[in-house]
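1 is the number of the first residue of the sequence shown in UniProt numbering; add one for each residue after it.
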Amino acid sequence: MLFNIRKDVKEAYGSRNDNDVIDIGVSYDGSWLTRAHTSNIRIGCVIDLLTGFVIDFQVCQSVVKNVSTLNWPLAKMLLNSIFGMKAIEIFAASHMSGHLARWKSKAAIKLWERSESIGFRYTSLLSDGDSKAFLELNERKIYGSQVEIKKEECINHVSKRLGTALRKTVKDWRVKGVTFWGKQHGS
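In structure tokens, the structure reads:
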């Protein structure tokens, strides 16, 4: 399935050769299996900006509990049939050690490092306000010193930060007794 999606993404960029490595813009974010950041299982996804297709993902787990109870043959068969990848690399992709806040960066590094093997170079990154993964990717120079990964700002996140700053400014000025638009406070 991912093989066909990647082929469609390459065609959308005008590439007909499977061996081409093309520069694309992607969105990257991570999520937890459960809410409140308490899950041991997390996923990082790379989504093409032009087509909106998920072109790669990385499943991460911090603790492997009772691996003997997992039905590995069934899991491998299911994941291979759906995604056409080595299931062991997806399901038990990595044991994340260190600070849990860094798992998104570690997943991003794995995704960017293997991007050229699937025919892409992620040169433009659209991400939420959390730029730790972006900073880590540029620090490591994943594609060499000549290729810089650029960060694009999401308009929703920019407007959210702008709105928060504006509301804070209005609140601060109201405390000082300054009125806006010719109305007095309380009228």
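Note that beta-carbon positions come from the ideal geometry of N, C-alpha and C, so glycine has one too.
Between residue 45 and the rest of its own chain, which residues show a CB-CB distance below 6 Å, the 5 nearest in sequence each way excluded? Excluding positions up to five away in sequence, the list reads 54 and 57.
Mind checking whether residue 131 and residue 151 have CB atoms under 9 Å apart? Yes, Cβ-Cβ distance for residue 131 and residue 151 is below 9 Å.
Kindly identify the DSSP beta-bridge partner or partners of residue 31. Answer by DSSP bridge pairing, in chain order: 43.
Within the present structure, is the beta-carbon of residue 168 separated from the nearest heavy atom of the ligand COA by less than 8 Å? The model on display carries no ligand, and the ligand COA is accordingly not part of it.
Are residue 229 and residue 109 touching if we call contact CB-CB under 9 Å? Any property of residue 229 remains undetermined from this structure, which presents the chain solely from 1 to 187.
Under a Cβ-count criterion, where at least 16 other Cβ atoms within 10 Å of its own Cβ denotes burial, should residue 175 be classed as buried or exposed? Looking at its Cβ environment, which holds fewer than 16 other Cβ atoms inside 10 Å, residue 175 is exposed.
I'd like to check one pair, residue 119 with residue 48: are the Cβ atoms closer than 9 Å? Inclusion of residue 48 and residue 119 in the CB contact set at 9 Å is not warranted, their separation being larger than that value.
Anyone know if the C-beta pair for residue 123 and residue 30 falls short of 9 Å? At least 9 Å separates the beta-carbon of residue 123 from that of residue 30.
From residue 14 to residue 145, what does the alpha carbon distance come to, in whole angstroms? Rounded to the nearest whole angstrom, the C-alpha separation of residue 14 and residue 145 is 26 Å.
Looking at residue 59 and residue 195, is the spacing between their C-beta atoms short of 9 Å? Outside the displayed range of the chain (1 to 187) lies residue 195, so it cannot be described from this structure.
Based on DSSP bridge pairs, tell me the residues matched to residue 153. Paired residue(s): 127.
What do you get for residue 67, buried or exposed, if any count of 16 or more other CB atoms within 10 angstroms of its CB means buried? Bear in mind that the predicted position of residue 67 carries a pLDDT of just 47, short of 50, making it unreliable; the figure below should be weighed with that in mind. With fewer than 16 Cβ atoms within 10 Å of its Cβ, residue 67 is classed as exposed.
Evaluate residue 111 with the Cβ neighbour count: other Cβ atoms within 10 Å of its Cβ, from every protein chain shown; 16 or more gives buried, anything less gives exposed. Residue 111 should be labelled buried.
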